[in-house]
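In full-length UniProt numbering, the protein residues as written are 1 to 977.
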């Protein structure tokens, strides 16, 4: 609903005519289609209707008759940035109701929503200010904006949209007009779009319209069907077709890719048309499609119940509860949803999540007020302000080619608190008073730029404190019955290396309730664990193991170790542990704080001992927290294993050692084999060609690893074509888990039609545990309409049925010889999510899988056959290419790794996991070899709630006296002040 385009000085005349001549106001005829807005516009006396001549003058940089705005133009005058086009587009159904039915209220609501977004954009306006070669950044909070409302698309469909042309100018506090520093606006397009949508949705619901909300943060009028919307969306179909040719869609393409598709498919702007005739055409098309503009009923399967009776929604009533109540409930949702995955969240993340959840009820101002209330109540903890040096150089590091609002620059500026900046100056010889005054002056002048506000919660911090406290209280709690001599006698008969032997000894004689083993990938942690198990059991101890995922649990069992998943352990009534038990917890680095806290409490209560096994350098938990790392930093007794044994070639071994130690860039230089192919599709094709060109024996013991699900999908499809499997099998419905949080699963709008839900328990409304239900509709209200394989329908509120798993349902081909993986645990068949198989047979109504143990230490071993009924959708996906999270724990001879330098999935831990899977060879493919070193060296930081720098209890003084003398200017310059 929002696009942003940078406009350069190509031809000012064309810019004027495009915006001003194309603006129309068919229904009002009162001049509201072209309007000035902004504090900067008010300063210049620009109000009301846009005057084309004045618009032209400002584009040319003429502020008034005597003042010429200076704007730097890298690349020559024609490259000078004259402004930024923020295009706000109403949903298609909203445009139809406004323009075909002629509902002026909707046009007015659209205008008010655009105005709200522009007011929000003004909060982001900044300008640079350079004094004595020091550049500061000033928050100006003023813009000059010319708004042009248009009502047709290039395909002459109804398309209510406004071009908000933001002039590349803003006024500083000293009265000078300067070029706009656009970072804040450019990096906040998602937020500005959400502000527009929030205001529009609120206005529409107040007017009595029922809205249908989608999980991607969009909405439309609920009385239009999907078919009716699509038939009036010729322009969207053109763009989607262009994206599809590249294997993309609107959800997977970046904003730049969507803009490129829009430009590539754009027709020449149609000459002026007869509006009366065009509206007649629209009305005829609406009639043919059966559109009822007077309806306010839900157009979908949710409008009728299982008995077939109509249960359409009625117009939304006025809000009975105060806005503060709605804002508080909305923020409660946003905080729960975000903190499920992150211990620390940014203000932008919190705002965007809350605004989207509050569509139809709340605007941005109500959300801000709600955040302040959560802080005042103590539920939300805000980090004290952090500042970075506000230099021009740092401004360049704001991610020129950012693909999303959430991606971070490769080299972020250092952020320090006021006290930390003061301490820095004190260490270099300043008195504390002098240092404090200099820091205050730096903040006031803008040379110290405030970083984005961050938050955590009391619950998250309490959980982490409990984890650390339990470990401390467990120190020295036990006396081992295994003497040093017994340990020596045991180790004399075992071929363990020095690190493995030391770890076994520490475990056997440990006196602490909780201890860890930090081991790099491929050091033989499993072999050491088996030896420790044997020694403990030989001396009367009971040994059991836990692992985060089913596939890891099965791997432990195959090593002869009794194991359960962490989740099943927590659910079990009988934990099967006592004071004589030693519990090994594998892959402890991917266990989140929530689970770690619960597990440690259960083990503490039982009086058992724990050995955490993990590697903090590998990928972290999907949920919030990094407790294994926190415990080690807090002093938990830990054995270290760094003698990597997996890699069989010297160069690869050295490269993996460097990656494990955190020097990914140095590791990359040693590997050396990097194929640079800038275009994604061509690079994927080269990976496919390389993989398919291997002899079958090599392919069977090779892995393709990539960062994103979209690239994984394209590479998998390419490999199937290359192996000539495409067209030789049959089509099936294949299920992959849809990424949702627990908070989202309580609200129907975060589900999507045609997805599959699987209840994890029986419910009184008829939902049965383990059964598959297809989602037919996601409303009205917080209601899902689902259907089982027998055609029986159930309607229910997900707020009342919270134990649901959600899967996407894709129609894909399976052929004999396909490599696949399981996407859901199945206790009956002893299948774990991630287990890998080969399709051996396809029969009528079933397929037969065989387990070739792809990626195992013994790839030739067969574990038997699995038979799956094809009457239902299959929990299966292709496994030729995997993401790093899926590949962690696997081993093979050769890996082919796709590394895209601008993707947030390319980082230090991802690179390390990828290259460490291989015994013999790692082949790397990238879009930019020159940037790859910095990309793989990016830390993929996982924050803990206790990492946050909390505000002091006393209030921070707002102003401080500015020092008059500056005896050491050279030092001040060195720290940016």
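Yeah, the Cβ is synthetic: ideal placement off N, Cα and C, and Gly gets one too.
Beta carbon of residue i nearer than 9 Å to that of residue j
| i | j | result |
| --- | --- | --- |
| residue 765 | residue 774 | no |
| residue 211 | residue 201 | yes |
| residue 913 | residue 567 | no |
| residue 99 | residue 151 | yes |
| residue 516 | residue 351 | no |
| residue 448 | residue 388 | yes |
| residue 140 | residue 104 | no |
| residue 458 | residue 378 | yes |
| residue 652 | residue 897 | no |
| residue 518 | residue 909 | no |
| residue 935 | residue 902 | yes |
| residue 920 | residue 648 | yes |
| residue 823 | residue 709 | no |
| residue 734 | residue 817 | no |
| residue 595 | residue 629 | no |
| residue 727 | residue 688 | no |
Whole-Å CB distance - residue i paired with residue j, under 8 Å assumed
| i | j | result |
| --- | --- | --- |
| residue 642 | residue 523 | 7 Å |
| residue 88 | residue 196 | 5 Å |
| residue 69 | residue 181 | About 14 Å separates the two Cβ atoms, so there is no contact after all. |
| residue 418 | residue 439 | 6 Å |
| residue 549 | residue 529 | Not a contact, Cβ separation roughly 17 Å. |
| residue 189 | residue 111 | Their Cβ separation, rounded to whole angstroms, is 20 Å, which puts residue 189 and residue 111 out of contact at 8 Å. |
| residue 289 | residue 231 | 6 Å |
| residue 613 | residue 525 | 5 Å |
| residue 813 | residue 888 | That pair is no contact at about 28 Å. |
| residue 302 | residue 759 | Actually they do not touch by this definition, with Cβ atoms about 19 Å apart. |
| residue 509 | residue 477 | Not quite, the Cβ-Cβ distance comes to about 14 Å (not below 8 Å), so this is no contact. |
Endpoints, the alpha helix (DSSP H) within which residue i is located
| i | result |
| --- | --- |
| residue 287 | 275-288 |
| residue 63 | Segment: none, residue 63 is in no alpha helix (DSSP H) and carries neither H nor E. |
| residue 363 | That residue, residue 363, is in no alpha helix (DSSP H); it is neither H nor E in DSSP. |
| residue 491 | 484-492 |
| residue 99 | 92-99 |
| residue 470 | 458-473 |
| residue 203 | 189-206 |
| residue 777 | That residue, residue 777, is in no alpha helix (DSSP H); its beta strand (DSSP E) goes 773-777. |
| residue 55 | 52-59 |
| residue 389 | That residue, residue 389, is in no alpha helix (DSSP H); its beta strand (DSSP E) goes 386-389. |
| residue 337 | 323-339 |
Residue from the options with nearest C-alpha to residue i
| i | options | result |
| --- | --- | --- |
| residue 539 | 572, 496, 555, 489 | 489 |
| residue 815 | 826, 876, 833, 776 | 876 |
| residue 639 | 498, 471, 582, 275 | 498 |
| residue 145 | 888, 601, 164, 757 | 164 |
| residue 536 | 838, 588, 506 | 506 |
| residue 233 | 203, 304, 155, 281 | 155 |
| residue 546 | 91, 558, 563, 782 | 563 |
| residue 453 | 478, 384, 512 | 384 |
| residue 39 | 93, 607, 142, 918 | 142 |
| residue 107 | 94, 759, 845, 116 | 94 |
| residue 834 | 553, 429, 423 | 553 |
| residue 433 | 686, 443, 422 | 422 |
| residue 533 | 513, 555, 559 | 559 |
| residue 767 | 743, 754, 793, 751 | 793 |
| residue 803 | 669, 581, 741 | 741 |
Element boundaries [beta strand (DSSP E), containing residue i]
| i | result |
| --- | --- |
| residue 298 | Unbroken run through residue 298: none, as it is neither H nor E. |
| residue 793 | 793-796 |
| residue 70 | First-last for residue 70: undefined, no H or E at that position. |
| residue 724 | Where residue 724 is concerned, there is no enclosing beta strand (DSSP E), given that its DSSP letter is neither H nor E. |
| residue 85 | 81-89 |
| residue 843 | 836-843 |
| residue 514 | 514-519 |
Check your understanding: What alpha helix (DSSP H) runs, 4 residues minimum, are completely inside the stretch 522-576?
Key -> As far as the stretch 522-576 is concerned, its whole alpha helix (DSSP H) runs of at least 4 residues are 525-538, 550-558, 566-571.
Check your understanding: In the UniProt domain "(+)RNA virus helicase C-terminal" (877-925), which residue ranges form an unbroken beta strand (DSSP E) of at least 3 residues, counting only runs that do not cross its ends?
Key -> For the beta strand (DSSP E) assignment, the uninterrupted runs of no fewer than 3 residues enclosed by the UniProt domain "(+)RNA virus helicase C-terminal" (877-925) are, from N- to C-terminal side, 881-883, 892-899.
**Study point:** Ordered list of beta strand (DSSP E) runs contained in the stretch 131-157, each at least 3 residues
**Key:** Taking only runs of at least 3 residues, the beta strand (DSSP E) segments lying wholly in the stretch 131-157 are 134-139, 145-152.
Practice item. Counting only runs of 3+ residues fully inside the stretch 622-654, write out the beta strand (DSSP E) ranges in chain order. Key: Whole beta strand (DSSP E) segments, 3+ residues: 638-641.
Check your understanding: Which ranges would you report for the alpha helix (DSSP H) in the stretch 418-455 if only whole runs of at least 4 residues count?
Key -> Complete alpha helix (DSSP H) runs here, min 4: 418-427, 432-445.
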